[in-house]
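Q: Residue numbers (my numbering), protein chains in the order written: chain A, 1438 to 1691; chain B, 43 to 656.
(1) Here's a check: name, in chain order, each residue in its chain whose Cβ is nearer than 6 Å to the Cβ of residue 355(B), leaving out the five neighbours to either side.
(2) Can you name the residues that DSSP bridges to residue 431(B)?
(3) Using a beta-carbon distance below 8 Å, is residue 491(B) in contact with chain A?
(4) Starting from the Cα of residue 1656(A), find the closest Cα among 1688(A), 1557(A), 1595(A) and give me that residue.
(5) Per DSSP, which one or two residues make a beta bridge with residue 368(B)?
(6) Between residue 1415(A) and residue 120(B), what straight-line distance do the alpha-carbon atoms span, to the nearest angstrom?
(7) Sorted by chain position, which residues of the same chain lie with C-beta nearer than 7 Å to residue 234(B)'s C-beta, five sequence neighbours on each side aside?
(8) Are the C-beta atoms of residue 1466(A) and some chain B residue less than 8 Å apart?
(9) Would you kindly work out how many angstroms separate the C-alpha atoms of residue 637(B) and residue 560(B), rounded to a whole number?
(10) Residues of chain B with a CB under 7 Å from the CB of residue 1549(A): which are they?
(11) Going by the CB atoms, is the gap between residue 1484(A) and residue 1468(A) shorter than 8 Å?
(12) Mind checking if residue 86(B) is an interface residue toward chain A, Cβ cutoff 8 Å exclusive?
(13) Counting along the chain, where does the beta strand (DSSP E) carrying residue 363(B) start and finish?
(14) Pop quiz: residue 437(B) and residue 347(B) are said to be a contact at Cβ under 8 Å. What is the actual Cβ separation, rounded to whole angstroms?
(15) Which bits of chain B does residue 1585(A) rub up against, with CB to CB less than 8 Å?
(16) Given a cut-off of 8 Å on the beta-carbon distance, is the pair residue 259(B) and residue 221(B) in contact?
(17) Please return the same chain residues whose Cβ sits closer than 6 Å to the Cβ of residue 1609(A), not counting the five positions on each side in sequence.
(18) Could you please give the first and the last residue of the uninterrupted alpha helix (DSSP H) stretch that includes residue 1521(A)?
(19) Would you call the segment 1550-1566 of chain A in contact with the segment 492-508 of chain B, where contact means no fewer than 3 C-beta pairs closer than 8 Å?
(20) Starting from the C-beta of residue 1545(A), find all residues in its chain whose C-beta is less than 6 Å away, skip the five residues before and the five after it, and write them out in chain order.
(21) In whole angstroms, give me the CA-to-CA distance for residue 1640(A) and residue 389(B).
(22) Using 8 Å for Cβ pairs, my map puts residue 1575(A) next to residue 1605(A). What's the rounded Cβ distance?
(23) Can you tell me whether residue 1597(A) is helix, strand or coil according to DSSP?
(24) Can you pull the chain A neighbours of residue 495(B), defined as C-beta to C-beta under 7 Å?
(25) Take residue 417(B) and list the residues in its own chain whose beta-carbon comes closer than 6 Å to its own, dropping the five residues that flank it on each side.
(26) So is residue 228(B) buried or exposed if we call it buried at 16+ other beta carbons inside 10 Å?
(27) Is residue 1622(A) helix, strand or coil by DSSP?
(28) Going straight from the alpha carbon of residue 76(B) to that of residue 113(B), what length do you get?
(29) Taking 6 Å as the limit between beta carbons, can you name the residues of its chain near residue 45(B), skipping five residues before and five after?
(30) Considering only DSSP beta bridges, list what residue 130(B) is partnered with.
(31) Under 8 Å between C-beta atoms, does residue 1624(A) make it to chain B?
(32) If you scan the segment 328-365 of chain B from start to end, which runs of the beta strand (DSSP E) of 3 or more residues do you find wholly inside it?
(33) What residue range is occupied by the uninterrupted beta strand (DSSP E) comprising residue 1659(A)?
(34) Note down the Cα distance separating residue 406(B) from residue 375(B), rounded to an integer number of angstroms.
(35) Exposed or buried, residue 1690(A), counting other C-beta atoms within 10 Å across all chains shown (16 or more means buried)?
(36) Mind checking who residue 233(B) pairs with in its DSSP beta bridge?
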C-alpha cells in the first residue's frame, strides 16, 4: 500500500516546482498587464515576450499577447497568438471572440471547403477541450467509474445495484470518449503543424525556390497547414485546399 | 508655281488606271512615257489580299525582273472607328524595246474566289536618248549630259545628334538636293534600323521646297523623309542606306535662265522640249554612336524614359462613400520616347481596391519629334471608411540636355471615405491608424494564471499515467478485499448449513428427554425450535426474515416437493397449537416427535439429492 503514495508525492513535488518558478512570470505578467492598460503596447509586448523566454506558457499569456499585437495593428501576430492560446485551451472564449474579430481584418480571406455536418460536429466536439483537459476528464471519469463499480458490489438492494451499474457504465463510456478525444487532440498538437502568414502579401509558388511559378497570393493572418518542408521552404495547404510553397521566414508556426 | 503643281497632279492622275470592282480596287501604274531602251516599272496595286495573281505577257517589252511583291497594312482610327487598309503590290521592271505606243494587257487577280482584272496600261516609248543635240554652256556642263551627275541631284542625311544617349530622340532628315527638275521620286528602299525604334514624322502632303546654296550653287531642296529614331542599345548603330528612284526631266535644249529656277523644279514649262529619265539616288549609311545612360544616380524606379517630361495626377473626388468608385488620372506628358512610358508600381492603402489602369495615349509626330502624353486611369473602390493617403506618384526619367536623372511627381492625395462601416464588409475600420474597433476586442486576462512548462503536454506524460493508474489500482484493491470478505461470509453460511442437522438432532434428543419427563410445553417448544432452526440454518434464511411465506418460497426455489413444505408447516402448526391449546386437546407427543424427525430426514434427503443432481 505504501507505493500508492508515490504518484501523489510526485505530483505535489511538481506543483511545488512549478509554483516556485511561476513567482517571476506572475509578477512580470502583472507589470505587462499594467503597461497594456497604460496603452504602452510595445512595452507590454516586450514583457510578455520575456515571460515566454522563461519557457513557461499559458493560454491567458498568449491571449494577452494577441490583444497587444492587435492594438499594435499587427494582424498576423495577433492571430498567431490567439491561435496559440486556443491550442492550449480550445474553449477559451475571449480568445475565440477576439480571433474571430481579428480574422475579419484579413484581406481576401480564404473560404474553407465546407465539410459534412457530422464531420463538423465531430471536429467541434474534439476541439471542445485541449488534450490535457480531456486527459483530466479521462482520469475523473475513470475514478467515478471505479467508485460506481465498488458501490454496485457493496449494495444489496436491487434498485441501488441497478443505479450504480448504470452509473459505472456511463462513466466508463465518458472515460473512453475522453481517451479518444485526448488522443486526437494530442495527435493534432504533435503532428498537425499549422502556420499563420506574417507578410502583408505573400506569393505562393509552385516550387521551393524563388523562381517557382507564382501561383496565387495570400494575405497576412491566413492560416495554413504544413505538409512538407525543404530547406528554408514550407509546402502549405490552405483552407480552400490549394497547395504551394512559401519561404519559412514569411510564416510563423502556431 | 501653281502651274507646276497642277501639271504634276495631272501627270500623276493620268498615270493611274483604276478598276473598281465592288469594294476592291485593282490598279495598274505605269509611267506615261519612257525613252527607248529605258527601264521602267509597272506596278499593280490591289487593296485586298489576293489568292492568286497572274501578270499578262509583256510582248512588246523585255522583262528585266519581277514580280516583286510587297504588302502594307495601315490602320486608321477616326472618331473611334477603326479602318484597316491592306495593300498588295506587284512590280515588274521592263525595258522598252521600240518606239511607239504600247498597251500593257490587263492582269488578273483572284480575291475570295472572285476574279478581278485591271485596266490595261498605256506606255508611250519615245526615241532613245541621244547625245545632246545642243552644245551646253561650259558653266553648267552637267545639264547637257544624258544622265544627271552626282552634283545635280543628291541626298543629304541630317542627324540632330550623332552622339545620343540610349533612348534619346534623334531626328533623322533626308533631304533631296537638286538642280534638275524632278518630276517624281519614290523611296525604293527604306533604311534598315537594327537597334533603333523609329517613328515616321515626315510631314504629310507635298514636301516643302526651299533653296540652299552648296558650293556656290543654288539647289532646290525638298525634305523627302523625316524620322524620329530612338536607339535601343548603346554602341555604334548603323542607319542603312536609303535608295530613291527619281524621275528627272532632262532638257534637250538648254533653255535655262537663272531666273526660272522656281518654275523648273518639277519640270519647267510644259512647252519646253525635254525628256524624262529615271535616276537612282542613294543616301549613304550613317553611324550613330550611342552612349549608355549613366549608371550614377540612376533611380531604382527608372524604366528607360529619356526626354523632358511632366507628370500631372488628379483625383476626381476627394471624398466619397464606401464602396463607391473614384478615378485617379495620371497624365505623363512631354517629349521623348513617351510611347515606352510605364508607371512604376506604387502602393495604395489596403482598404482601397485598385484596378489595373486603363492606358490611353495622345502622341503626335511633329517636326521636332515625338511629343504628347500617356494617360493612366486608375479606378479606386473604397472598402472601408476613414481617411486614406495615396502616396505621391513619381516617375523618373533621364534628361539628356541636363545629362541627369530627374523625377516628375504629383500628389500625394488624401481620400476621405464616409458611410456605414458595416457596409464595408470584411475590412475593419482604419487598420492603418491602429484604431481597430478597440472597444470590441475583449480585455486582457488580468487574474491569476496557471503556468505550464512550454511545450509540455500532460496527456501521456508519466504524471498522467500514474494518476490514471490510481483509480484502477484502487479498484483492484477493492475487488481483492471484497472477494475475501465475500468468501468469509460465505463460510459462515456453510458452517451453519453443516451444523443445521447436528443442531436439529441435538434439539430432538432434548425433546425426547422432555417427552420422557412429560414436560409437555417445553417439549413442543423444543420441537418447534428444532424444525424452525433447522430450516433457518439449512436454507440460509435469517431468523428475522423467518416466516411461512419465505419458507414456502425457499422450499420452492430449492425444488423441494410442496408436500414436504406442507408437512413442515403442519408440524410447526401442531407445535404452536399444542403449546397454546388447552390440555388433552393436543396430538400425542410421540407422534409429533416422530413426525418432526421424519420431516427433517425427508428435507435432508431432498436437499442432498438436489445437491447431487447439481
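Every residue, glycine too, gets a C-beta built ideally from N, C-alpha and C.
A: Quick answer:
(1) If you number the second chain from 1, residue 355(B) lands on position 313. Closer than 6 Å at Cβ, skipping near neighbours: 372, 435, 452, 453.
(2) Here residue 431(B) refers to the residue found at position 389 when the second chain is read from its first residue. DSSP output for residue 431(B) lists 456(B) as bridge partner(s).
(3) Position 449 of the second chain, counting from 1, holds the residue named residue 491(B). True, the Cβ-Cβ gap to chain A drops below 8 Å.
(4) If you number the first chain from 1, residue 1656(A) lands on position 219. Measuring from the Cα of residue 1656(A), the nearest candidate turns out to be 1688(A).
(5) The residue labelled residue 368(B) in the question sits at position 326 within the second chain. 422(B).
(6) With chain A represented from 1438 up to 1691, any question about residue 1415(A) goes unanswered, as that position is not in the structure.
(7) In the second chain, residue 234(B) corresponds to position 192, counting from 1. Answer for residue 234(B): 282, listed in chain order.
(8) Against the first chain, residue 1466(A) aligns to sequence position 29. Yes, its Cβ sits closer than 8 Å to a Cβ of chain B.
(9) Within the second chain, residue 637(B) is the residue found at index 595, counting from 1. Within the second chain, residue 560(B) is the residue found at index 518, counting from 1. The alpha-carbon atoms of residue 637(B) and residue 560(B) are separated by roughly 18 Å.
(10) Here the question's residue 1549(A) lines up with position 112 in the first chain. Near residue 1549(A) there are no residues of chain B at all, since even the closest Cβ is about 15 Å away, more than 7 Å.
(11) The residue labelled residue 1468(A) in the question sits at position 31 within the first chain. The residue labelled residue 1484(A) in the question sits at position 47 within the first chain. The answer is yes: Cβ separation under 8 Å.
(12) Within the second chain, residue 86(B) is the residue found at index 44, counting from 1. Taking Cβ atoms only, chain A never reaches closer than 8 Å to residue 86(B), which makes this a no.
(13) Indexing the second chain from 1 puts residue 363(B) at position 321. Run containing residue 363(B): 361-363, per the beta strand (DSSP E) assignment.
(14) Working through the second chain from its first residue, we reach residue 437(B) at position 395. Working through the second chain from its first residue, we reach residue 347(B) at position 305. Residue 437(B) to residue 347(B), Cβ: 7 Å. Contact.
(15) Counting from one through the first chain, the residue named residue 1585(A) turns up at place 148. Here the premise fails: no neighbours, minimum Cβ distance about 10 Å.
(16) Start at 1 with the first residue of the second chain, and residue 259(B) comes out as number 217. Start at 1 with the first residue of the second chain, and residue 221(B) comes out as number 179. Cβ distance < 8 Å, so residue 259(B) and residue 221(B) count as in contact.
(17) Residue 1609(A) sits at position 172 when you count from the first residue of the first chain. Answer for residue 1609(A): 1582, listed in chain order.
(18) Position 84 of the first chain, counting from 1, holds the residue named residue 1521(A). Residues 1512-1525.
(19) no
(20) In the first chain, counting from the first residue as 1, residue 1545(A) sits at position 108. So the list reads 1656, once near-sequence residues are dropped.
(21) By one-based count along the first chain, residue 1640(A) stands at place 203. By one-based count along the second chain, residue 389(B) stands at place 347. When rounded, the distance between both Cα atoms is 16 Å.
(22) Your numbering for residue 1575(A) matches position 138 in the first chain. Your numbering for residue 1605(A) matches position 168 in the first chain. Wrong, their Cβ atoms sit about 16 Å apart, outside the cutoff.
(23) As a working mapping, residue 1597(A) is identified with position 160 in the first chain. The answer is helix: DSSP assigns residue 1597(A) an H, G or I state.
(24) As a first step, residue 495(B) must be located in the second chain, where it is residue number 453. Correct list: 1492, 1493.
(25) Mapped onto the second chain, residue 417(B) falls at position 375. Once the five neighbours on either side are set aside, the close Cβ partners of residue 417(B) are 373, 402.
(26) Counted from its first residue, the second chain places residue 228(B) at position 186. Exposed, by the Cβ-count rule.
(27) The sequence position of residue 1622(A) within the first chain is 185, counting from 1. Looking at residue 1622(A) - three-state DSSP - the assignment turns out to be helix.
(28) For this step, residue 76(B) is matched to residue 34 along the second chain. For this step, residue 113(B) is matched to residue 71 along the second chain. Using only the alpha carbons, I get a separation of about 27 Å.
(29) Here residue 45(B) refers to the residue found at position 3 when the second chain is read from its first residue. In this prediction, residue 45(B) scores a pLDDT of 49, lower than 50, which makes its location untrustworthy; no coordinate-derived value is stated.
(30) Position 88 of the second chain holds residue 130(B). Bridge partners of residue 130(B): 88(B), 113(B).
(31) Numbered from 1 along the first chain, position 187 holds the residue referred to as residue 1624(A). Chain B, which has no Cβ nearer than 8 Å to the Cβ of residue 1624(A), makes this no.
(32) 328-332, 349-357, 361-363
(33) Translated into the one-based positions of the first chain, residue 1659(A) becomes position 222. Premise fails: residue 1659(A) is in no beta strand (DSSP E) and is neither H nor E.
(34) Counting from one through the second chain, the residue named residue 406(B) turns up at place 364. Counting from one through the second chain, the residue named residue 375(B) turns up at place 333. Cα to Cα, residue 406(B) sits roughly 11 Å from residue 375(B).
(35) Sequence index remark: in the first chain, residue 1690(A) carries index 253 (1-based). Counting Cβ neighbours within 10 Å, residue 1690(A) comes out exposed, since fewer than 16 surround it.
(36) Here the question's residue 233(B) lines up with position 191 in the second chain. DSSP output for residue 233(B) lists no bridge partner at all.
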